[in-house]
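The structure is reproduced here in structure tokens:
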């Protein structure tokens, strides 16, 4: 922070949140609820385990527990950032034991026996090393449905009140039942057009015909929220604050998008431009909000108002998207690096290039640069890339003079990270892979049509790598560069102002302390705006220009890694961490002259312990890494962004929290360091 006094934070728009939280430095951990394990777990961590984890955090003198998104991700996977709803909690986190205790007097004898059998089955999944999400969720929901059958009449009034209090819950429940009836296909593909189009009259009939099934999902949300609210109350008795995670976007195949289709741009997908997480960018595919609809803003703010019920702080995942969002046309394929920036809140302003402007630069026919599928059609360029690959022994073919495919069935539309991995597996060197990827970029479009604006274009992220750009006459290329620089200055001013105004408005509508995940390709104004508003950003130590403790960003959450990064040990041994970086890390951060090839336990413990001495107001560490360092649990990352693989999001701790509560090695070490650092 430029100003280092308490007065500074109390003069920002975040004042009321800081007054509630306090102005002192704090320490804590990051943990997915799914990762937790206890003697009462049923194949996945649950809200009762989260309560137990708060005891563990309290013993370590931690005062913040950050949990990853809890939104319902559906029946197929546990990807928390592909939510079926921006509100609904995943019922897989409901603690069955607590529900059984609550309704034990209401259970019918016939169901008691069946539930007992299902619990035995659930305990088998608990013995697995990882989360078997599909099976665990299915089993837990069968048990919960049996309980609901026994209590539905008793709780009918409570459920009606819950539905009236939460406008989002009935559309969500209808959506989940309809998904099941339609064999889990996307809502855009449902045969019944009235249901597809969210016909209110048709849905009234459907609800009446399927009341038990729909109200079961309403019941799940009522129980989940009640349990989570109790966890928060318990945390407050321990003076531990819960930090949640509200993703900026939801899945296109979600209750929110289905029930409010006019609030979203359905023909466009959002993602992230190429950055340190993914060299080819990330194609999330989630639709951007349509800010021309006033109720889109109301919907967005409502997500934070709901989150107030069970959290004290909130991390806005991809807060950069509050200023501008990276999007692309789905009609052109799932190609993130063919995208462009779209201004949030107001949309459709500034960052596009008009046909008149391009013609003034000397580009007389802009349409010529917009191949239908996102790639130029000049066969010469295809043959050049083909020749390079043939020289390396790859079997290739040219399809319709447009695409190149390989015997491994790869083509130009594949994500660059996945493509790179396959090339490396086939024995290509890193230099050769870089060369091939550059040639792939050469074939892409320099410009693409901008949304549905007539005669408007966007310059693509890798536009300057393309043959289209490189083959422009020098004067035309210079004119285009000047135009792009002018647009950048204009756009940054607009993005800064509109993002600032929206965040200020959000701060007036919520009591949560907003925190921003501002990683990736960050425009220069973003950290400045966050500081002005009193919003902590996110810093990852390994990516900072300096490893010196006193030079870390003050108004920030500092961490050693996130759910999307490798672990510290993996960063040290498996990634391309240079000798210069390793030397500087040990010298500037730990004050040591030499560094080891592989980090020893004492090195890792020192790295984790010393981070509490930094300037940053909050220090939050990944709990899964702490268990690996102190107790030898598997040293694995939580998620590989941009790559769909079975190991994403399924990791679990190997021993029970109940056992770790009795351990003293890590508890004493961490609590002592936190107290010494006065956090």
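Residue numbers (the working numbering): -1 to 677. All C-beta atoms, glycine included, are put in the ideal place defined by N, C-alpha and C.
Between residue 660 and the set 54, 22 and 29, the nearest pair of CA atoms involves 54.
By the criterion of a C-beta distance shorter than 8 Å, residue 447 is surrounded in its chain by 327, 368, 454, 455 and 456, once the five residues flanking it on both sides are discounted. By the criterion of a C-beta distance shorter than 6 Å, residue 665 is surrounded in its chain by 57 and 58, once the five residues flanking it on both sides are discounted. Counting only runs that start and end inside the stretch 594 to 620, the alpha helix (DSSP H) elements of at least 4 residues fall at 599 to 608.
Relative to residue 61, the option among 364, 616 and 623 whose CA is nearest is 616. Residue 242 is positioned such that its CB atom lies no closer than 7 Å to that of residue 167. The residues 242, 244 and 312, in chain order, have a CB closer than 6 Å to that of residue 305 in the same chain once the five nearest residues on each side in sequence are set aside. Sequence-distant Cβ neighbours of residue 233 in its own chain, meaning closer than 6 Å and more than five residues away, are 52 and 240.
Beta-bridge partners of residue 269 (DSSP): 281 and 324.
Within a 10 Å sphere around the beta-carbon of residue 436 sit fewer than 16 other beta-carbons, which makes this residue exposed. Residue 281 has its alpha-carbon roughly 10 Å from the corresponding atom of residue 641. Here the stretch 183 to 191 makes no contact with the stretch 94 to 103; the two share fewer than three CB pairs at distances below 8 Å.
Take the alpha-carbon of residue 563 and the one of residue 16: they are about 29 Å apart.
In the DSSP assignment, residue 87 forms a beta bridge with 69. As far as DSSP is concerned, residue 36 takes part in no beta bridge. The residues 212, 215 and 216, in chain order, have a CB closer than 6 Å to that of residue 171 in the same chain once the five nearest residues on each side in sequence are set aside. Taking C-beta atoms under 8 Å as the contact rule, residue 307 and residue 227 qualify, at a distance of about 6 Å. Counting along the chain, no beta strand (DSSP E) covers residue 645, and no H or E run does either.
Ranked by how close their Cα comes to the Cα of residue 160, the residues 86, 109 and 134 have 86 in first place. Contact check for residue 596 against residue 571 passes: the beta carbons are separated by less than 7 Å. Segment contact: the stretch 194 to 211 against the stretch 71 to 80, fewer than three CB-CB distances shorter than 8 Å; contact not assigned.
Judged by beta-carbon spacing, residue 97 lies beyond the 7 Å limit of residue 128, meaning their Cβ atoms are not closer than that value. Between residue 529 and residue 613, the CB-CB gap reaches or exceeds 7 Å. Residue pairing of residue 27 in beta bridges, as defined by DSSP: 63 and 619. Each residue's CA atom was taken as its position, placing residue 165 and residue 223 some 15 Å apart.
One alpha carbon belongs to residue 289, the other to residue 474, and they sit about 35 Å apart. Counting C-beta pairs with one atom in each stretch, the stretch 637 to 657 and the stretch 23 to 33 have three or more that are closer than 8 Å, which means they touch.
For residue 171, the enclosing alpha helix (DSSP H) starts and ends at 167 to 179.
Distance from the CA of residue 148 to the CA of residue 460, rounded to the nearest whole angstrom, comes to 59 Å.
In this structure, the alpha-carbon of residue 265 lies about 11 Å from that of residue 259. Around the beta carbon of residue 350, 16 or more other beta carbons lie within 10 angstroms, which makes this residue buried. Residue pairing for residue 525: DSSP places it in no beta bridge. Under DSSP, residue 555 forms a beta bridge with 536 and 616. Rounded to the nearest whole angstrom, the CA to CA distance from residue 225 to residue 90 is 12 Å.
Using a C-beta cut-off of 8 Å, the stretch 582 to 590 makes contact with the stretch 539 to 553, since at least three inter-stretch Cβ pairs fall below that distance.
Within the same chain, and ignoring the five residues on either side of residue 625 in sequence, the residues whose Cβ sits closer than 7 Å to its Cβ are 631 and 651.
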